[in-house]
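Engineer:
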DNA sequence: GCAGGACGGTACTGACCGGTTCCGTTTGCG
DNA sequence: CGCAAACGGAACCGGTCAGTACCGTCCTGC
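Residue numbers (the UniProt record's numbering), protein chains in the order written: chain A, 1 to 185; chain B, 1 to 185.
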């Protein structure tokens with residue numbers, strides 16, 4: 001009974017969950033197949049190899065994650081500081097295990113690997129989005145401030161992963177508030 | 001010809017380099033043996049298994065890293081902000097590949113694993129050290145400020161790994177300067 | 001109703017993993 | 001000198017890895 005839903009979509013969904021929860025290298029193709037219910041041959045019909053699946057997963061996650069961020073920022077008032085409120089929501093989730101893209105850069109040591117590059121692009125896109133928020137807020141140098149905001153976001157993510165509590169988001173937000181107030185003065 | 005230097009020391013040195021450069025999971029026991037020149041049997045005479053070697057490597061690195069930090073902070077004037085000058089030195093090194101302990105927490109997904117716990121303890125020890133620097137500087141709430149400093153340090157490390165430039169250290173230092181000035185006011 | 005494409009299941013390959021065992025040699029110490 | 005501990009090297013184990021090949025089946029469109 002071949003299922004109506006495309007095997008490709010199930011592969012991406014299962015792989016994303018497993019990669020995030022346990023790490024890319026820790027998850028074998030076998031696991032992805034059994035969780036997704038996709039046959040081995042079908043997998044290699046859709047993807048040349050595991051590496052390509054990894055890239056596809058990251059690209060999809062990048063798009064979805066940024067859409068989620070924009071939606072949550074809007075729900076929290078739309079200001080630049082709302083990114084930290086959105087992060088706090090993420091940190092509180094039971095399955096939170098850091099940033100999938102940071103994790104990917106750590107795991108794929110080679111900075112020239114495709115996975116590493118996709119992860120770097122994601123962070124650049126997030127920085128772009130934050131810069132837009134700051135520019136809309138009328139700060140003097142939105143570019144420089146955005147870089148500091150992203151540094152605070154990454155610091156909060158790593159800290160939350162270590163402390164296993166959403167508190168780090170508030171800590172980063174307070175620092176960002178001070179930066180924002182100083183930039184507006 | 002059994003070498004005079006203990007096999008254990010060579011194993012720790014080789015494993016530390018390889019783990020940091022390529023990741024713990026990516027490095028097999030075979031590689032560690034060939035690089036260190038230690039025989040397979042000798043390895044298992046010194047360590048029950050690879051996991052125990054990992055823990056021993058992390059413990060040794062923790063001690064050495066914090067000693068290095070204290071030394072560099074002293075060389076940079078001994079103030080709390082000097083931690084970011086020390087980080088800048090690290091980031092500029094060609095073999096820089098982030099924080100070994102953050103990387104370990106990312107790689108060993110299970111937060112109850114021994115490696116994960118050692119990594120968390122390292123960060124706590126660093127926070128303690130920073131707190132001491134801040135207390136010596138006479139700030140009002142050294143504990144809260146130390147937590148923010150460590151968040152900035154971790155953010156800078158991740159950012160430096162991504163951007164492949166030491167610039168993030170200066171960025172974090174500027175933010176820390178503002179926090180310190182506000183705390184002293 | 002029939003053909004073709006997408007599919008799941010299984011068996012297999014060669015490479016590598018962590019770990020065990022045995023053996024011959026070297027070294028330091030009494 | 002002689003012995004015991006520490007050592008390096010190599011063969012080997014079961015398990016898992018990514019990737020390939022083949023087969024029978026289901027669903028769709030004609």
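All C-beta atoms in this analysis are idealised placements derived from N, C-alpha and C, irrespective of residue type, glycine included.
Out of A/155, A/138, A/51, A/170, which one is the CA nearest neighbour of residue 185 of chain A?
Structural biologist: As a working mapping, residue 185 of chain A is identified with position 185 in the first chain. Among A/155, A/138, A/51, A/170, the Cα nearest to that of residue 185 of chain A belongs to A/138.
Engineer: Could you tell me whether any Cβ in chain A is nearer than 7 Å to the Cβ of residue 154 of chain B?
Structural biologist: By 1-based counting over the second chain, the position of residue 154 of chain B is 154. Yes, residue 154 of chain B counts as interfacial toward chain A.
Engineer: Please identify, using Cβ separations under 8 Å, the residues of the segment 30-52 of chain B that lie next to chain A, in order along the chain.
Structural biologist: Correct list: empty, as no residue qualifies.
Engineer: Are the CB atoms of residue 126 of chain A and residue 146 of chain A nearer to each other than 7 Å?
Structural biologist: Along the first chain, one-based indexing puts residue 126 of chain A at 126. Along the first chain, one-based indexing puts residue 146 of chain A at 146. It is not a contact, given that the beta carbons lie outside the stated cut-off.
Engineer: What would DSSP say about residue 3 of chain B, mapped onto helix, strand or coil?
Structural biologist: Here residue 3 of chain B refers to the residue found at position 3 when the second chain is read from its first residue. Residue placement at residue 3 of chain B is flagged as unreliable, the pLDDT there being 48, under the threshold of 50; a coordinate-derived value is accordingly withheld.
Engineer: For the alpha helix (DSSP H) that contains residue 42 of chain A, what are its first and last residues?
Structural biologist: Along the first chain, one-based indexing puts residue 42 of chain A at 42. 40-46 is the extent of the alpha helix (DSSP H) around residue 42 of chain A.
Engineer: Going along chain B, which residues have a C-beta under 9 Å from residue 178 of chain A?
Structural biologist: Taking the first chain and counting its residues from 1, the one referred to as residue 178 of chain A is at position 178. Going along chain B in sequence order, the residues near residue 178 of chain A (Cβ under 9 Å) are 175, 178, 179, 182.
Engineer: Look up residue 163 of chain A in the DSSP assignment and say whether it is helix, strand or coil.
Structural biologist: On the first chain, residue 163 of chain A is found 163 positions in, with the first residue counted as 1. Of the three classes helix, strand and coil, the one that applies to residue 163 of chain A here is helix, per DSSP.
Engineer: At 7 Å on the CB atoms, spell out the chain A contacts of residue 151 of chain B, in chain order.
Structural biologist: Numbered from 1 along the second chain, position 151 holds the residue referred to as residue 151 of chain B. Near residue 151 of chain B (Cβ distances below 7 Å), the residues of chain A are 155, 156, 159, 168, 171, 172.
Engineer: Would you mind stating whether residue 36 of chain A and residue 64 of chain A have Cβ atoms separated by less than 7 Å?
Structural biologist: Residue 36 of chain A sits at position 36 when you count from the first residue of the first chain. Residue 64 of chain A sits at position 64 when you count from the first residue of the first chain. No; because the gap between Cβ atoms is not below 7 Å, this pair is not in contact.
Engineer: Please list the residues of the segment 88-99 of chain B that have a C-beta atom closer than 8 Å to any C-beta atom in chain A, keeping them in chain order.
Structural biologist: Flagged, chain order: 97, 98.
Engineer: Can you grab the Cα-Cα spacing for the pair residue 152 of chain B / residue 71 of chain A, in whole Å?
Structural biologist: Working through the second chain from its first residue, we reach residue 152 of chain B at position 152. Working through the first chain from its first residue, we reach residue 71 of chain A at position 71. Between residue 152 of chain B and residue 71 of chain A, the C-alpha separation is close to 27 Å.
Engineer: Nearest-angstrom Cα distance between residue 59 of chain B and residue 75 of chain B?
Structural biologist: In the second chain, counting from the first residue as 1, residue 59 of chain B sits at position 59. In the second chain, counting from the first residue as 1, residue 75 of chain B sits at position 75. Near 25 Å, if we compare the C-alpha coordinates of residue 75 of chain B and residue 59 of chain B.
Engineer: Can the beta-carbon of residue 20 of chain A be found closer than 7 Å to that of residue 88 of chain A?
Structural biologist: Working through the first chain from its first residue, we reach residue 20 of chain A at position 20. Working through the first chain from its first residue, we reach residue 88 of chain A at position 88. In this structure, residue 88 of chain A does not lie closer than 7 Å to residue 20 of chain A by Cβ.
Engineer: Residue 120 of chain A to residue 40 of chain A, Cα distance in whole Å?
Structural biologist: Counting from one through the first chain, the residue named residue 120 of chain A turns up at place 120. Counting from one through the first chain, the residue named residue 40 of chain A turns up at place 40. Approximately 31 Å, taken between the alpha carbons.
Engineer: Say the cut is 6 Å; is the CB of residue 78 of chain A nearer than that to a heavy atom of the ligand FMN?
Structural biologist: The ligand FMN is not part of the structure shown, which contains no ligands of any sort.
Engineer: Residues of the segment 109-122 of chain A in Cβ contact with chain B at a cutoff of 7 Å, in chain order, please.
Structural biologist: Answer set for the segment 109-122 of chain A: 109, 111, 120.
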